[in-house]
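Okay, structure first, notes after.
There are 2 protein chains.
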Amino acid sequence: MAYQEVLTALADPTRRHILESLRNKPLTVGQLSVAQPVSRPAVSQHLKVLQQAGLVNVETAGTRRFYSVRREGLGELRTYLDGYWSDVLAAYGAEIERRFGDENAGTDH
Amino acid sequence: MAYQEVLTALADPTRRHILESLRNKPLTVGQLSVAQPVSRPAVSQHLKVLQQAGLVNVETAGTRRFYSVRREGLGELRTYLDGYWSDVLAAYGAEIERRFGDENAGTDH
DNA sequence: GCTTACCGTAAGTCATGGCTTACCAAGAAG
DNA sequence: CTTCTTGGTAAGCCATGACTTACGGTAAGC
Numbered sequence: 001m002a003y004q005e006v007l008t009a010l011a012d013p014t015r016r017h018i019l020e021s022l023r024n025k026p027l028t029v030g031q032l033s034v035a036q037p038v039s040r041p042a043v044s045q046h047l048k049v050l051q052q053a054g055l056v057n058v059e060t061a062g063t064r065r066f067y068s069v070r071r072e073g074l075g076e077l078r079t080y081l082d083g084y085w086s087d088v089l090a091a092y093g094a095e096i097e098r099r100f101g102d103e104n105a106g107t108d109h
Numbered sequence: 110m111a112y113q114e115v116l117t118a119l120a121d122p123t124r125r126h127i128l129e130s131l132r133n134k135p136l137t138v139g140q141l142s143v144a145q146p147v148s149r150p151a152v153s154q155h156l157k158v159l160q161q162a163g164l165v166n167v168e169t170a171g172t173r174r175f176y177s178v179r180r181e182g183l184g185e186l187r188t189y190l191d192g193y194w195s196d197v198l199a200a201y202g203a204e205i206e207r208r209f210g211d212e213n214a215g216t217d218h
């Protein structure tokens, strides 16, 4: 749910591959497994991580479980990145000012 | 440089903490170290990873090295997220269409 | 020149996490 | 009811990577 968990979840190549597979439509664990180079239990474990990070949803249909991308999942990460981004930009401006403002003190450009 | 490396770099809590410290202004390795719960060499190693991921810049000043956030670094991650996001949104529309379009074929609501 | 501050690298230790096989539970099918 | 499919969980193995101490190399200060 927190952006930290999202980043941890997205750090693994297999999990990213799973998300890529879910990009177009919901799939079952079995369907996801055949597209992955790892075993089905491994996929299950990855799906658990993705779910806890809020990146996927599950929908049970009998014995099958359809996983789909949770659209709000990336929201928190995006919010964090936006905030960070603006701070970095402000810091960049301040750095410029500090350097060139100092070397020619008194100017107002 | 690739988004994979960015995600891997951002997955570590200490590296995120370092990036938080650099959020407002450039700092030396020593300055970064005192703010971290790990040793100075550990910080150096993390900075190497961050640099290879394109997330930080270095500026040498005598024996000191000032690290700062590389603004284009986050851009790559944003681009990746944006691309993925748009596809997911499109797939969501298609999924809605597939379900409600199918279960009542012929209607146009 | 000598010493001190700054910092990157090497080598080794140890925990984390990703993978496997084995197992178990629940619904579908016959 | 029995059998097959589907998939989550447990236990164990092993590679990766995060950390440490020790070292070396360069610039600054005296």
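These protein sequences, in sequence, are chains D and A.
Residue 32 in the numbering used here sits at position 32 of the first sequence, with consecutive numbering throughout.
All you need for the numbering used here is the position in the second sequence, starting with 1, plus 109.
A virtual CB, placed ideally from N, CA and C, is assigned to each residue, including glycine.
Span separating the alpha-carbon of residue i from that of residue j
i          : j          : result
Ser-39(D)  : Phe-100(D) : 58 Å
Gln-4(D)   : Tyr-80(D)  : 10 Å
Val-143(A) : Tyr-201(A) : 47 Å
Arg-179(A) : Ser-153(A) : 17 Å
Thr-216(A) : Pro-13(D)  : The predicted model places Thr-216(A) with a pLDDT of 47, which falls under 50 and marks its position as unreliable, so this point remains unresolved.
Glu-181(A) : Ile-127(A) : 17 Å
Glu-129(A) : Ala-90(D)  : 14 Å
Ala-214(A) : Asn-24(D)  : For Ala-214(A), the predicted structure reports a pLDDT of 47, less than 50, and the residue's modelled location is therefore unreliable. A value from the coordinates is still provided. Those two C-alpha atoms are separated by around 22 Å.
Glu-168(A) : Gln-160(A) : 12 Å
His-155(A) : Pro-146(A) : 13 Å
Val-197(A) : Ala-111(A) : 21 Å
Gly-220(A) : Gly-171(A) : Since the first residue of chain A shown is 110 and the last is 218, residue 220(A) is not available in this structure.
Ile-205(A) : Ser-68(D)  : 13 Å
Glu-76(D)  : Gln-140(A) : 30 Å
Pro-203(A) : Arg-98(D)  : The sequence shown places Ala at residue 203(A), not Pro. Those two C-alpha atoms are separated by around 52 Å.
Assumed close pair residue i, residue j - CB separation to whole angstroms, cut-off 8 Å
i          : j         : result
Pro-41(D)  : Phe-66(D) : At roughly 18 Å, the Cβ-Cβ gap does not stay under 8 Å, so Pro-41(D) and Phe-66(D) are not in contact.
Trp-194(A) : Leu-74(D) : 6 Å
Arg-78(D)  : Thr-28(D) : So it is not a contact: roughly 29 Å between Cβ atoms.
Val-111(D) : Arg-15(D) : With chain D covering 1 to 109 only, the question about residue 111(D) has no answer from this structure.
- Query: Three or more C-beta pairs closer than 8 Å, one from the segment 50 to 60 of chain D and one from the segment 5 to 18 of chain D: is that the case here?
  - Reply: yes
- Completely contained alpha helix (DSSP H) runs for the segment 29 to 56 of chain D, where each covers 4 or more residues: 29 to 34 and 40 to 52
- Query: At a Cβ cut of 8 Å, what residues of the segment 163 to 195 of chain A count as close to chain D, listed as they run along the chain?
  - Reply: Flagged, chain order: Ser-177, Val-178, Arg-180, Leu-183, Leu-186, Arg-187, Leu-190, Tyr-193 and Trp-194.
- Please specify which runs of the beta strand (DSSP E), each continuous and at least 3 residues long, are wholly inside the segment 172 to 211 of chain A, giving them in chain order. DSSP assignment within the segment 172 to 211 of chain A yields the following whole beta strand (DSSP E) runs of 3 residues or more, N-terminal first: 173 to 178.
- Residues, ordered as in the chain, of the segment 126 to 148 of chain A that lie near chain D by beta-carbon distance below 9 Å: Leu-128, Glu-129, Leu-131, Arg-132, Asn-133, Lys-134 and Pro-135
- Query: Using Cβ-Cβ distances below 8 Å, what residues of the segment 1 to 12 of chain D are close to chain A?
  - Reply: When C-beta distances to chain A are compared with 8 Å, the residues of the segment 1 to 12 of chain D below that value are Gln-4, Leu-7, Thr-8, Leu-10 and Ala-11, in chain order.
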